[in-house]
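J.:
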Amino acid sequence: MTDTNLGIAVHELHKQFKDGPKAVDGISLAVAPGEIYGFLGPNGAGKSTTVHILTTLLRPDGGYATVQGYDVVKQGAQVRASIGAALQEAALDPMLTGREHMRLQTALQGLPRSTRRPRGNELLERVGLIDAADRRVGSYSGGMKRRLDLALALVHEPRVLFLDEPTTGLDPQSRSDLWREVSRLAREDGVTVFLTTQYLEEADVLADHVGIISRGRIVAEGTPEALKAEIGRPTLEVVPVDPADRQRFADVLARFGPAASSAKPSAVAVLLEDGADALASVIRGIDADSLRMDSFQVHKPTLDDVFLAKTGESFAQGDQGASASSEDESLQPAEAPA
Amino acid sequence: MSATSTQVGELARRSLVRTLRQPASIIPSLLFPLVFLALNSGGLGSATRIPDFPTDSYLAFFIAAPFVQAALFATMGAGTDVAKDVQTGFVSRLALTPTRGNALLFGQLAGVLAVSLFSSLTFLVVGLVAGVTFESGLPGMVVIMVLATLIGIALSSIGVMLGMRSGSGEAVQGMFPLFFVFLFLSSLTMPRPLIEQDWFRTIATYNPVSYLLEAIRSLVITGWDGRALALGFGIAIALVAVSVFGASRAVRMRWTRT
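Line order of the protein sequences matches chains A and B.
Mapping of the first sequence onto the working numbering: residues 0 to 337, in sequence order.
Mapping of the second sequence onto the working numbering: residues 1351 to 1608, in sequence order.
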């Protein structure tokens, strides 16, 4: 195994908690240096357990994993020296200021005294917190806390960065800011990033490779484009004017492909077997039955479709709310011709 | 400066800064013992007329109590702070650095030490201003501060142990009444030989808190009583050893990393 050439290598990793189900059930994956790997799955899928094992905070029951070529079980200290991590909760002290956090983290990471302050300021500047550096963290917004958490993870210039659901609960602007910084770290600094997320859009936009995890197992892995290409067909979502017509819509749409999941409870969705070429026929079919639409929407395959195809469950029906895909092609307002 | 001393120093600084920025966590540990001192020395003053009572000033008799009470408050503070660190993931963040687990413990205790010294000094000044004569003089006052600090460290280590094991501030605070029972079932308000109820006197005799109080008390009202000091310091040092060991194990349990 050429572990030394890999940012992260995982082989048949297992972890079961006492009296619980298998949290991690034979996971294998590889992350190349400088790559952003999106580990995507709903709550309880095993993402955080995997991160805890890879960051040496948890001992696996079986399997093997290396980070920067170091065994996570036998070479914990070397692994920790190579990695930075921002775990699920921004582990900050509300009583300390941003600058005091930096002082503490740079000292605990063993940076020479002369470099601690400049390094702290550099990172605070980079994550846009230099003006708020002397404010107590208790007064920071969720986005500011996440950015400080990220900056703290970077003080010792790690080659591998673990981010456990870094944007959960953030507003779109804060999320976008964090994505930009993570992306920059990988592209410009060559940092390997292992990012867990329950946001489909996040994995889609940010990750070079995506591993989809469900019930402790990886059910699909590849680039976002390749995974979506496996599905191939677009989905059409129609919202009837009269909710009582849902079944009639479903009957019409069933002629064009199998039913698909939709994040909107009021919508009827179908996976178009003939692709977008079938749209005109669909409209004609709806019109022929004198049905009225409030809106309809065609979207290219998303990672949600991949998740559905691989697990038989809709990601959106799990813990995660609907995430708008940048690939959506909204055609509203749209109504079948009278 | 070695890596470990840097770690302990920075964590002690954090502990102190955090405490100073939460006046609500310091004020009760100063105010409550002083209020208790005022109420008891006023209300129980006539106890000094009991034959064989060791002093004619109940204030001088009772001034030992605030030192132990403040240590009890420090226990709660240290325990809840550590529990918060577990809950927020701060302990996991530290575990990912080269920090040694015990640096967190000793950093926390160093912060307690500073607060404990400040409290002790306050109680000594209040005692002097209120007219208490310290029979052992200035050296005795220094010894009282040392003993009070040892008691603070011992009890705070118990707090750290509880906080680390439970990871819950509420669980730590739930122990507070138990500690107070220990305090009240001691020679807090009356010399042991003068406690009339046999069961109470027996419990007070077996309760180590009695000897901590009596050691401080001896320095105030007797002067230099070797036996009382040996018992007090012996128990305090034993408590420090046991509780620091227990806290250290609790930190190791929580400080899981490969």
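Every residue gets a Cβ at the ideal spot worked out from N, C-alpha and C, and that includes glycine.
DSSP state of Glu1564/B, grouped into three classes?
T.: Looking at Glu1564/B - three-state DSSP - the assignment turns out to be helix.
J.: Ignore the nearest five residues each way along the sequence and tell me which others in Arg118/A's own chain have a CB closer than 7 Å to its CB.
T.: Thr105, Leu110 and Val154
J.: At which residues does the alpha helix (DSSP H) containing Ala1578/B begin and terminate?
T.: Gly1576 to Arg1604
J.: Ser47/A and Thr195/A: beta carbons closer than 9 Å?
T.: yes
J.: Give every residue of the same chain whose Cβ lies closer than 7 Å to the Cβ of Pro332/A, excluding the five residues on either side of it in the sequence, and list them in chain order.
T.: Summary for Pro332/A: the model assigns pLDDT 30, below 50, so the residue's position carries little reliability; its value from the coordinates is reported in the next sentence. Around Pro332/A: Ser294.
J.: With H, G and I counted as helix, E and B as strand and the rest as coil, what does DSSP make of His51/A?
T.: helix
J.: Is the Cβ of Thr1405/B closer than 9 Å to any Cβ of chain A?
T.: no
J.: Figure out for me which residue from Gly1393/B, Thr1572/B, Val1436/B and Gly1481/B has the closest Cα to the Cα of Val1601/B.
T.: Val1436/B
J.: For Pro1448/B, which residues in chain A fall below 8 Å Cβ to Cβ?
T.: Ala76, Arg79, Ala80, Leu107, Gln108 and Gly109
J.: In its own chain, which residues sit with a C-beta less than 6 Å from the C-beta of Gly210/A, not counting the 5 before and 5 after it?
T.: Leu28, Phe38, Ile217 and Glu220
J.: Does any C-beta atom of chain A lie closer than 9 Å to the C-beta of Arg1602/B?
T.: no
J.: Answer yes or no: does any C-beta atom of chain B fall closer than 9 Å to that of Gln87/A?
T.: yes
J.: Comparing the C-beta of Val1493/B with each C-beta of chain A, is any distance below 9 Å?
T.: no
J.: Do Tyr36/A and His208/A count as a contact pair if the criterion is CB distance below 9 Å?
T.: yes
J.: Confirm, please, whether the CB-CB distance from Phe161/A to Gly68/A is below 9 Å.
T.: No, the pair does not count as a contact, with Cβ atoms beyond the cut-off.
J.: Along chain A, in chain order, which residues have C-beta atoms closer than 8 Å to that of Ser1442/B?
T.: Residues of chain A passing the Cβ test: Leu56, Leu86 and Ala90.
J.: Are Leu1544/B and Asp1402/B close, meaning C-beta to C-beta below 9 Å?
T.: yes
J.: Measuring only between beta-carbons, confirm whether Gln1372/B sits less than 9 Å from chain A.
T.: Closer than 9 Å to the CB of Gln1372/B there is at least one CB belonging to chain A.
J.: Tell me which residue opens and which closes the beta strand (DSSP E) that Thr234/A is part of.
T.: Thr234/A -> beta strand (DSSP E) spans Thr234 to Pro239.
J.: Let me check one thing: in DSSP terms, what residues is Glu82/A bridge-paired to?
T.: It should be pointed out that residue 82/A corresponds to Ile in this sequence rather than to Glu. DSSP lists Val159/A as partners of Ile82/A.
J.: With respect to the alpha helix (DSSP H) encompassing Val1465/B, which residues constitute its N-terminal and C-terminal limits?
T.: Element bounds for Val1465/B: Gly1451 to Val1479.
J.: Does any CB atom of chain B fall closer than 9 Å to the CB of Val240/A?
T.: no
J.: If we ignore side chains and look at the alpha-carbon of each, how far apart do Thr1483/B and Leu1409/B end up?
T.: 10 Å
J.: Buried or exposed: which applies to Glu236/A, given that a residue is buried once 16 or more other Cβ atoms fall within 10 Å of its Cβ?
T.: buried
J.: Keeping to the same chain, check which residues put their C-beta closer than 8 Å to that of Gly1610/B; ignore five residues upstream and five downstream.
T.: Nothing can be reported for residue 1610/B, as the shown portion of chain B is limited to 1351 through 1608.
J.: Ile1503/B and Val1462/B: beta carbons closer than 9 Å?
T.: Yes.
J.: CA-CA distance, Val190/A and Arg1599/B?
T.: 36 Å
J.: Do Leu290/A and Arg247/A have their C-beta atoms closer together than 9 Å?
T.: yes
J.: Only counting the same chain, and skipping five residues up and downstream in sequence, which positions put a Cβ closer than 7 Å to that of Ile1609/B?
T.: Because chain B spans 1351 through 1608 in this model, residue 1609/B falls outside it and cannot be assessed.
J.: Does the Cβ-Cβ distance between Ala253/A and Ala259/A come in under 9 Å?
T.: no
J.: DSSP three-state call for Leu149/A: helix, strand or coil?
T.: helix
J.: If we define contact as Cβ-Cβ less than 9 Å, is Leu1361/B a contact residue for chain A?
T.: yes
J.: What's the gap between the Cα of Asp188/A and the Cα of Gln197/A?
T.: 26 Å
J.: Tell me which same chain residues have a C-beta within less than 8 Å of the C-beta of Val1590/B, skipping the five on either side of it?
T.: Leu1500, Ile1503, Ala1504 and Ser1507
J.: Smallest Cα separation from Ala1464/B: which of Arg1363/B, Thr1608/B, Thr1356/B and Thr1447/B?
T.: If we check each option's Cα against that of Ala1464/B, Arg1363/B comes out closest.
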